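A.B. asks:
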Amino acid sequence: MSKTNAGNFFEDFTVGQVLEHATPRTVTEGDRALYGAIYPTRFSIPSSAAFAASVGLDPHPVEELIAFHVAFGKTVPDVSLNAVANLGYAELRFHRPVLPGDTLSTRSEVIGLKQNSNGKSGVVYVRSTATNQRGEVAIDWVRWVMVHKRDQSLPAPETVVPELAPAVEPADLVIPEGLDFTGYDVVAAGEPHRFDDYEVGEKIDHVDGVTLTDSEHQQATRLWQNTAKVHFNVEARPDGNRL
Amino acid sequence: MSKTNAGNFFEDFTVGQVLEHATPRTVTEGDRALYGAIYPTRFSIPSSAAFAASVGLDPHPVEELIAFHVAFGKTVPDVSLNAVANLGYAELRFHRPVLPGDTLSTRSEVIGLKQNSNGKSGVVYVRSTATNQRGEVAIDWVRWVMVHKRDQSLPAPETVVPELAPAVEPADLVIPEGLDFTGYDVVAAGEPHRFDDYEVGEKIDHVDGVTLTDSEHQQATRLWQNTAKVHFNVEARPDGNRL
Amino acid sequence: MSKTNAGNFFEDFTVGQVLEHATPRTVTEGDRALYGAIYPTRFSIPSSAAFAASVGLDPHPVEELIAFHVAFGKTVPDVSLNAVANLGYAELRFHRPVLPGDTLSTRSEVIGLKQNSNGKSGVVYVRSTATNQRGEVAIDWVRWVMVHKRDQSLPAPETVVPELAPAVEPADLVIPEGLDFTGYDVVAAGEPHRFDDYEVGEKIDHVDGVTLTDSEHQQATRLWQNTAKVHFNVEARPDGNRL
Chain E
15 MSKTNAGNFF
25 EDFTVGQVLE
35 HATPRTVTEG
45 DRALYGAIYP
55 TRFSIPSSAA
65 FAASVGLDPH
75 PVEELIAFHV
85 AFGKTVPDVS
95 LNAVANLGYA
105 ELRFHRPVLP
115 GDTLSTRSEV
125 IGLKQNSNGK
135 SGVVYVRSTA
145 TNQRGEVAID
155 WVRWVMVHKR
165 DQSLPAPETV
175 VPELAPAVEP
185 ADLVIPEGLD
195 FTGYDVVAAG
205 EPHRFDDYEV
215 GEKIDHVDGV
225 TLTDSEHQQA
235 TRLWQNTAKV
245 HFNVEARPDG
255 NRL
Chain A
15 MSKTNAGNFF
25 EDFTVGQVLE
35 HATPRTVTEG
45 DRALYGAIYP
55 TRFSIPSSAA
65 FAASVGLDPH
75 PVEELIAFHV
85 AFGKTVPDVS
95 LNAVANLGYA
105 ELRFHRPVLP
115 GDTLSTRSEV
125 IGLKQNSNGK
135 SGVVYVRSTA
145 TNQRGEVAID
155 WVRWVMVHKR
165 DQSLPAPETV
175 VPELAPAVEP
185 ADLVIPEGLD
195 FTGYDVVAAG
205 EPHRFDDYEV
215 GEKIDHVDGV
225 TLTDSEHQQA
235 TRLWQNTAKV
245 HFNVEARPDG
255 NRL
Chain B
15 MSKTNAGNFF
25 EDFTVGQVLE
35 HATPRTVTEG
45 DRALYGAIYP
55 TRFSIPSSAA
65 FAASVGLDPH
75 PVEELIAFHV
85 AFGKTVPDVS
95 LNAVANLGYA
105 ELRFHRPVLP
115 GDTLSTRSEV
125 IGLKQNSNGK
135 SGVVYVRSTA
145 TNQRGEVAID
155 WVRWVMVHKR
165 DQSLPAPETV
175 VPELAPAVEP
185 ADLVIPEGLD
195 FTGYDVVAAG
205 EPHRFDDYEV
215 GEKIDHVDGV
225 TLTDSEHQQA
235 TRLWQNTAKV
245 HFNVEARPDG
255 NRL
């Protein structure tokens with residue numbers, strides 16, 4: 015039996031299947047620094063422990079996308095090693111702040127399957143849940159991704175397409191415990207505009223373009239333990255079939 | 015009103031103006047590691063907590079230039095987003111060690127203005143002060159930078175050129191509290207030469223050249239939250255007018 | 015006297031000589047994050063503090079190779095600044111886990127010398143020992159490396175080639191204190207194969223190729239304070255004589 019992990023193909027998934035993803039990962043201050051070196055982030059709460067404490071968040075949580083990248087990376091070896099294309103996300107919610115020292119584990123449930131008409135691949139829908147070392151939910155989300163079939167002669171599974179919310183309702187969003195913006199320092203935050211200043215349809219020209227090199231791309235995916243070959247191996251790209 | 019931050023132009027500065035820079039930033043062990051990955055530093059005090067403690071510095075301070083880069087980065091969005099050229103620094107002093115967990119904020123006062131004879135730009139002098147989360151001064155310095163005018167038809171402001179010390183007097187340097195070199199381990203420090211071994215005019219050939227790639231340049235400027243476009247966006251460079 | 019550190023040449027080494035390497039270095043969570051960004055590591059113990067604690071390792075040790083890279087880097091300025099080629103390692107043992115906050119120092123003893131027949135260089139054998147801030151041995155190993163002579167007219171030293179074990183005996187390996195795999199979570203570890211599943215001669219195709227750029231190479235060597243010029247300076251490479 016080969017010890018090479020070839021990953022799951024479309025026919026390996028069944029609706030209701032639960033995947034316990036391996037390699038729990040502890041988030042640290044090192045992740046905060048590297049995230050800041052790779053992405054040009056300047057939000058006051060994750061940038062400053064003092065600012066975070068002033069709005070009720072102490073100890074100092076890391077940026078939500080650090081936690082998401084870590085939690086998402088866990089799912090790749092089981093869900094999308096044979097992906098053709100990453101298609102979408104829905105119903106993502108951050109349930110509680112993630113602190114340096116927290117360990118995230120992720121599990122996914124297959125909630126939908128739809129084979130493509132060409133018989134070569136299909137769409138897999140998973141709902142993934144990341145929990146911390148106390149078993150509390152940190153993040154959950156739905157993702158759908160197109161995955162190759164290993165054996166194209168196999169029959170298509172029954173099509174199940176989950177009904178997904180077009181948007182997360184404001185009432186369903188989770189406000190971090192203790193968050194209190196009454197003493198919010200607008201000057202330190204560096205953003206003069208508040209909720210009321212924005213209009214539907216307004217366009218904002220974000221002038222601060224950022225150039226990323228291959229090195230930063232690869233460092234990010236390794237840091238998040240995302241094992242999709244296209245991110246790591248330049249030889250995996252010329253086939254033209256992968257993202 | 016556009017929400018794009020176009021930054022200040024020469025005519026937006028007035029002598030005596032105080033700029034409270036946004037986005038306080040907490041320094042961490044992650045910064046120490048990344049600084050070491052980008053710059054080839056091997057000073058014993060910031061490299062080793064045990065060495066630092068042996069000379070009276072416990073907890074373990076980060077390298078002074080980490081603190082300076084962080085503190086300086088704060089000033090860019092308000093002072094030099096429209097810079098033509100960075101011209102100089104003076105009177106820089108490190109007032110106390112910066113420790114992992116310390117949060118730095120920076121404010122600047124405009125202390126001089128001098129429009130260029132071509133009427134297209136001018137030199138802005140600022141004195142910047144970085145304080146920690148207890149309001150104690152960590153670093154202060156003067157910087158002058160050439161900044162574009164937005165509207166070249168505006169009249170020149172009164173010229174004010176601050177008188178700056180040609181060098182910081184030894185008596186004005188701040189020795190960190192508790193620093194004690196009586197037990198200094200010369201072998202562990204890795205540098206056999208002491209103050210008395212150097213002569214004015216002596217030349218030293220630093221043979222250890224270092225190549226930096228675009229990736230490291232960009233990671234450094236993002237890490238320090240330096241928002242000058244020339245550092246991030248390769249498309250900002252070909253105009254030839256920017257650093 | 016020049017203050018440039020030209021490094022030791024072959025004729026500068028004598029059997030029995032002890033080199034106390036400079037610049038002790040404290041390992042941090044920043045090193046763990048950067049190691050993960052540069053190398054695609056996914057071992058559960060260094061990845062997860064919770065997993066490590068579940069097998070008896072608490073606080074959370076860093077990956078053994080982080081400690082080795084740091085400890086090895088210390089030896090370069092004294093041993094291999096003038097290396098022609100890095101030849102081999104033997105008898106390497108990890109004696110105890112290295113934790114964030116531990117400071118490593120390294121000393122080496124010259125245990126062998128053999129001049130090459132061309133008279134231009136020779137092989138230096140050193141046994142290096144890295145200790146933590148309590149003086150406990152963390153890692154030791156033997157390395158041999160070919161080093162240039164400065165003065166080819168000097169006579170060859172007596173040849174001493176140390177007898178090295180072809181492999182570290184299992185009985186000589188050091189099991190970390192407290193390690194207990196009775197509750198080992200195979201699913202979280204992500205590796206279904208155990209010791210009994212492997213056979214001598216078995217071949218495994220590791221399909222996850224990784225591309226490294228110059229930037230990552232240089233960041234790694236700076237992070238580990240490895241001062242060999244070939245790692246830092248592209249101008250040091252075209253001579254074709256160095257690794």
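For the protein sequence lines, the chains are E, A and B, in the order given.
Heads up, the first sequence is in the working numbering, so the first residue is 15 and it goes up one at a time.
Heads up, the second sequence is in the working numbering, so the first residue is 15 and it goes up one at a time.
Heads up, the third sequence is in the working numbering, so the first residue is 15 and it goes up one at a time.
Backbone N, C-alpha and C define an ideal beta-carbon position, used for all residues, glycine too.
Just so you know, these numbers come straight off a predicted model, no measurement behind them.
#1: At a CB-CB cut-off below 8 Å, which residues of chain A make contact with F65 (chain E)?
#2: Output yes if chain A places a C-beta closer than 7 Å to the C-beta of E177 (chain B); else output no.
#3: Three-state secondary structure (DSSP) at L79 (chain E)?
#4: Between S94 (chain B) and K217 (chain A), what straight-line distance do the alpha-carbon atoms span, to the nearest angstrom?
#5: Note down, in chain order, each residue of its chain lying with its Cβ closer than 6 Å to the Cβ of G87 (chain E), except the 5 sequence neighbours on either side.
#6: Just to make sure I have the definition right: I need the residues of chain B whose C-beta is within less than 8 Å of the C-beta of A185 (chain E). Which are they?
#7: Between which two residues does the beta strand (DSSP E) holding R157 (chain B) run?
#8: Could you tell me the alpha carbon to alpha carbon distance between T225 (chain E) and E172 (chain B), rounded to whole angstroms?
#9: Once the 5 residues before and after D222 (chain E) are set aside, which same chain residues still bring their CB inside 8 Å of it?
#10: Please report the distance separating the alpha-carbon of M160 (chain B) from that of T89 (chain B).
#11: What number of angstroms, rounded off, separates the C-alpha of F195 (chain B) from the C-alpha of R39 (chain A)?
#12: If we call anything under 7 Å between Cβ atoms a contact, is R85 (chain E) one with L48 (chain E)?
#13: Indicate whether the contact test is met: 3 or more Cβ pairs, each with one atom in the region 113-129 of chain A and one in the region 19-35 of chain A, closer than 8 Å.
#14: In three-state DSSP terms, what is L71 (chain B)?
#15: Terminal residues of the continuous alpha helix (DSSP H) containing V201 (chain E)?
#16: Compute the distance between the beta-carbons of I153 (chain A) and F209 (chain A), then report whether it is under 7 Å.
#17: Quick check on L101 (chain E): buried or exposed, where buried means 16 or more other Cβ atoms within 10 Å of its Cβ?
#18: How would you list, in chain order, the residues of chain E whose beta-carbon sits under 9 Å from the beta-carbon of D219 (chain B)?
#19: Count the other CB atoms within 10 Å of the CB of P180 (chain A); is the residue buried (16 or more) or exposed (fewer)?
#20: Check the Cβ-Cβ distances between E34 (chain B) and every residue of chain A, and say whether any is below 7 Å.
#21: Should E183 (chain A) be labelled buried (16 or more other beta-carbon atoms within 10 Å of its own) or exposed?
#22: Below 8 Å on the Cβ atoms is my contact criterion, and I expect F24 (chain E) with Q129 (chain E) to pass it. Report the Cβ-Cβ distance as a whole number of Å.
#23: Hey, is T143 (chain B)'s beta-carbon within less than 7 Å of any beta-carbon in chain A?
#24: Please report the Cβ distance between P73 (chain E) and P190 (chain E), rounded to the nearest whole angstrom; I am assuming they are in contact, meaning their Cβ atoms lie under 8 Å.
#25: May I ask you to list, following chain order, the residues of the region 83-105 of chain A that have a beta carbon less than 9 Å from some beta carbon of chain B?
#26: Mark P252 (chain A) as exposed unless 16 or more other C-beta atoms lie within 10 angstroms of its C-beta, in which case mark it buried.
#27: Pick helix, strand or coil for R141 (chain A), following the three-state DSSP scheme.
#28: Going by beta carbon distance, what residues of the same chain come within less than 6 Å of W158 (chain E), once the five residues before and after it are set aside?
#29: Given a threshold of 16 other Cβ atoms within 10 Å of its Cβ, counted over all protein chains shown, does A288 (chain E) qualify as buried or as exposed?
#30: Does the CB of P54 (chain E) have a neighbour CB from chain A at under 7 Å?
#31: How would you list, in chain order, the residues of chain B whose beta-carbon sits under 7 Å from the beta-carbon of G44 (chain E)?
#32: Out of B:A81, B:K163, B:G133 and B:T227, point me to the one whose CA is closest to L113 (chain B)'s CA.
#33: Measure from the alpha carbon of T42 (chain B) to the alpha carbon of each residue in A:A202, A:P60 and A:H83, then state which is nearest.
#34: Hey, out of B:L168, B:L193, B:D219 and B:Y212, whose CA is closest to A66 (chain B)'s CA?
#35: Less than 7 Å separating the beta-carbons of H35 (chain E) and D92 (chain E)?
#36: From what residue to what residue does the alpha helix (DSSP H) around I59 (chain B) run?
C.D. replies: According to the data block:
#1: Under the 8 Å cutoff, chain A gives P38 and T117.
#2: With 7 Å as the cut-off, E177 (chain B) does not count as an interface residue toward chain A.
#3: Per DSSP, reduced to three states, the secondary structure at L79 (chain E) is helical.
#4: Rounded to whole angstroms, S94 (chain B) to K217 (chain A) spans 25 Å at the Cα level.
#5: Counting only Cβ-Cβ distances below 6 Å, and skipping sequence neighbours, we find W238, Q239 and N240.
#6: Result: empty, since nearest Cβ-Cβ is about 33 Å, beyond 8 Å.
#7: Membership of R157 (chain B) in the beta strand (DSSP E) is indicated by the continuous run V151 to H162.
#8: Going by the C-alpha atoms only, they are around 57 Å apart.
#9: Excluding residues within five positions, the ones whose Cβ falls inside 8 Å are P54.
#10: Straight-line Cα distance between these residues: approximately 14 Å.
#11: A direct Cα-to-Cα measurement between F195 (chain B) and R39 (chain A) gives close to 41 Å.
#12: What sits at residue 85 (chain E) in the sequence shown is Ala, not Arg. Going by C-beta atoms, A85 (chain E) is not nearer than 7 Å to L48 (chain E).
#13: Yes, the region 113-129 of chain A is in contact with the region 19-35 of chain A.
#14: Coil.
#15: Segment V200 to A203, the alpha helix (DSSP H) holding V201 (chain E).
#16: No, the pair does not count as a contact, with Cβ atoms beyond the cut-off.
#17: With fewer than 16 other Cβ atoms within 10 Å, it is exposed.
#18: Those are S16, K17 and T18, listed as they occur along chain E.
#19: The residue in question, P180 (chain A), is exposed, as its Cβ has fewer than 16 Cβ neighbours within 10 Å.
#20: Answer yes: the Cβ-Cβ gap between E34 (chain B) and chain A drops below 7 Å somewhere.
#21: Around the beta-carbon of E183 (chain A), fewer than 16 other beta-carbon atoms lie within 10 Å, marking it exposed.
#22: The beta-carbon distance between F24 (chain E) and Q129 (chain E), rounded to whole angstroms, is 7 Å. This is short enough to meet the 8 Å contact definition.
#23: T143 (chain B) has a beta carbon lying at 7 Å or more from every beta carbon in chain A.
#24: The Cβ separation is near 12 Å, so there is no contact.
#25: Taking 9 Å as the cut-off between beta carbons, none of the residues of the region 83-105 of chain A comes near chain B.
#26: Confidence in P252 (chain A) is poor, its pLDDT being 45 and thus under 50, which makes the residue's placement too unreliable to answer from.
#27: Looking at R141 (chain A) - three-state DSSP - the assignment turns out to be strand.
#28: Closer than 6 Å at Cβ, skipping near neighbours: L101, G102, V137 and Y139.
#29: Residue 288 (chain E) lies beyond the range of chain E shown here (15 to 257); nothing can be said about it.
#30: At least one beta carbon of chain A lies nearer than 7 Å to the beta carbon of P54 (chain E).
#31: Contact annotation for G44 (chain E) against chain B: E43, G44, R46, A47 and L48 [CB-CB distance below 7 Å, chain order].
#32: Ranked by Cα distance from L113 (chain B), the options B:A81, B:K163, B:G133 and B:T227 are led by B:A81.
#33: Considering only alpha carbons, the answer is A:P60.
#34: Nearest in C-alpha terms to A66 (chain B), of all of B:L168, B:L193, B:D219 and B:Y212, is B:L193.
#35: Yes, they are a contact pair.
#36: Taken as a continuous stretch (DSSP letters only), the alpha helix (DSSP H) holding I59 (chain B) covers S58 to S61.
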